[in-house]
Amino acid sequence: MLVKYSCAAGKRKRSRKMVRNKILHMRSLLKAFNTNFLEQKKLSTSCVAFNKYVTNQSDKDPQSPRILITGSLGQLGTGLAAKLRARYGAENVIMSDIIKAPQQILDAGPYIYADILDFKNLQEIIVNYRIDWLIHFSALLSAIGEDNVPLAMRVNIEGLHNVMELAKQYRFKIFVPSTIGAFGPDSPRNPTPDLCVQRPRTIYGVSKVHAELLGEYYHFKYGLDFRSLRFPGVISGDTAPGGGTTDYAVVIFHEALRTGKFKCYLRKDTKLPMMYIEDCLRSLIELMEAPSESLKLRTYNVAAISFTPEELVKAVQKHVPHLQVEYIPDHRQVIGELMSMCK
Numbered sequence: 001m002l003v004k005y006s007c008a009a010g011k012r013k014r015s016r017k018m019v020r021n022k023i024l025h026m027r028s029l030l031k032a033f034n035t036n037f038l039e040q041k042k043l044s045t046s047c048v049a050f051n052k053y054v055t056n057q058s059d060k061d062p063q064s065p066r067i068l069i070t071g072s073l074g075q076l077g078t079g080l081a082a083k084l085r086a087r088y089g090a091e092n093v094i095m096s097d098i099i100k101a102p103q104q105i106l107d108a109g110p111y112i113y114a115d116i117l118d119f120k121n122l123q124e125i126i127v128n129y130r131i132d133w134l135i136h137f138s139a140l141l142s143a144i145g146e147d148n149v150p151l152a153m154r155v156n157i158e159g160l161h162n163v164m165e166l167a168k169q170y171r172f173k174i175f176v177p178s179t180i181g182a183f184g185p186d187s188p189r190n191p192t193p194d195l196c197v198q199r200p201r202t203i204y205g206v207s208k209v210h211a212e213l214l215g216e217y218y219h220f221k222y223g224l225d226f227r228s229l230r231f232p233g234v235i236s237g238d239t240a241p242g243g244g245t246t247d248y249a250v251v252i253f254h255e256a257l258r259t260g261k262f263k264c265y266l267r268k269d270t271k272l273p274m275m276y277i278e279d280c281l282r283s284l285i286e287l288m289e290a291p292s293e294s295l296k297l298r299t300y301n302v303a304a305i306s307f308t309p310e311e312l313v314k315a316v317q318k319h320v321p322h323l324q325v326e327y328i329p330d331h332r333q334v335i336g337e338l339m340s341m342c343k
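For what it's worth, UniProt numbering labels the leading residue of the sequence shown as 1, then goes sequentially.
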């Protein structure tokens, strides 16, 4: 028994030595790899979903920016990501959000989890992926924000503070969209200038004025490259609206085809500024690509057309004649009236 035990112990000892030698051999091989590759593998768990696109190398121009889009599964993020990837390469444009992405999003390019209320999570992403631009879409829009003011303040203001502080610390360019909701009843109209009295009356509008002013302050105080556009209502077909007062102008198309009936929460004569999503995204990209020295302001108005629900209904009925519409104004009518003052 003693002999058998000694033989077994010897085999285990040799086995451990072989394993140890293999580990040492693997370590020596790893040292031969590029340092950037090794650092790239030290990703936090929040970034694991970068899947097959994880790379610090680009097959595009080495000067192509690395771009992070927060709240990218909203109305604008998917379309913007597609356009930016066509310009700068799929691996250089990283979509992010706090919900699971559909498979077509994962197939199109990098997608990761990013919580804008978690400063450390964002910081790891900025450092690990060497972000040059940040497009900050994460926000609660006007109608949803009025239903949950405390949450809107956290997401729209605390989240903004996090990305602004990181932009200051890591010196990347940042875009934060603003809105016509940043204006109020005392704002001049027809047209509303870039610089004027604002004083909005929704938490969404208040948070956007805060973003505009904080971005301007960081620009003059710290040299931060902050940019913003005040978007009107955006009309899109492929992506669902995100809870804004102008959402009716998107929903009506889906309901016309799906049910042939539509209930509008605004009065038929409520005229609001609108913009087609392609024009919206083009204006954003052109602003981001503009040389900093060519910008006289940090925030600009951008607009296209204005129309009423009744005018839109008549246009849709030319293609869907059987469409039936009811106008049942609710609490969003008040917000709409404030927004209609700014054209």
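Beta carbons: idealized from backbone N, C-alpha and C, even for Gly.
Every beta strand (DSSP E) of 3 residues or more that sits fully in the stretch 61 to 117 is shown, in chain order, as 67 to 70, 93 to 97, 111 to 113. Shown here for ASP279: same chain residues with a beta carbon closer than 6 Å to its own, the five before and five after excluded, namely ALA304 in chain order. Runs of beta strand (DSSP E) with 3 or more residues, each lying fully within the stretch 209 to 261, are found at 226 to 231, 233 to 235, listed in chain order. Sequence-distant Cβ neighbours of LEU312 in its own chain, meaning closer than 7 Å and more than five residues away, are ALA249, ILE252. Listed in chain order, the non-local C-beta contacts of THR239 below 6 Å within the same chain comprise GLN75, THR78, local neighbours out to five positions each way being set aside.
With respect to the 9 Å criterion, SER142 and MET274 are not classified as neighbours on the basis of their beta carbons. In the three-state reduction of the DSSP assignment, TYR327 falls in the strand class, which pools E and B.
Residue pairing by DSSP places PHE307 opposite LEU272 in a beta bridge. In this structure, VAL149 sits away from LEU117, with a CB-CB distance that is not shorter than 9 Å. The beta-carbon distance between GLN333 and ARG267, rounded to whole angstroms, is 6 Å. This is short enough to meet the 8 Å contact definition. Three or more Cβ pairs drawn from the stretch 158 to 177 and the stretch 212 to 228 lie within less than 8 Å of each other, which places the two stretches in contact. Following the DSSP letters along the chain, one finds PHE175 inside the beta strand (DSSP E) bounded by residues 173 to 175.
Excluding the 5 residues flanking it on each side, PHE262 has same chain C-beta neighbours closer than 7 Å at ILE252, GLU255, ALA256, LEU323, VAL325, in chain order.
HIS136 is bridged by DSSP to THR70.
With a minimum length of 4 residues, the unbroken runs of alpha helix (DSSP H) contained wholly in the stretch 146 to 188 fall at 149 to 153, 159 to 170.
By the neighbour-count criterion, in which a residue is buried when 16 or more other Cβ atoms sit within 10 angstroms of its Cβ, ILE203 is buried. The DSSP-derived three-state label of CYS280 is helix. Residue state for ASN301 is assigned as strand, using DSSP reduced to three classes. Taking the Cα of LEU214 as reference, the smallest distance to any Cα among VAL197, ASN162, ILE180 is reached at ASN162. With at least 16 other beta carbons inside 10 angstroms of its own, ALA167 counts as buried.
Take LEU68, set aside five residues on each side of it, and the residues of its chain with a beta-carbon closer than 8 Å to its own are ILE94, SER96, ALA114, ILE125, ILE126, TYR129, ILE131, TRP133, LEU134, ILE135, in chain order. Assignment of beta-bridge partners to LYS120 by DSSP yields no partner. Secondary structure at LYS318: coil, using DSSP grouped into helix, strand and coil. Under the DSSP assignment, ILE335 falls in the alpha helix (DSSP H) whose first and last residues are 332 to 340.
Taking the CA atoms as reference points, LEU106 sits about 21 Å from SER64. Inter-residue distance for LYS314 and ALA139 is about 32 Å (C-alpha atoms, whole angstroms). Beta-bridge partners assigned by DSSP to LYS296: none are found. The alpha-carbon separation between ILE98 and PRO241 amounts to approximately 17 Å.
One Cα belongs to PHE137, the other to CYS196, and the distance between them is close to 24 Å.
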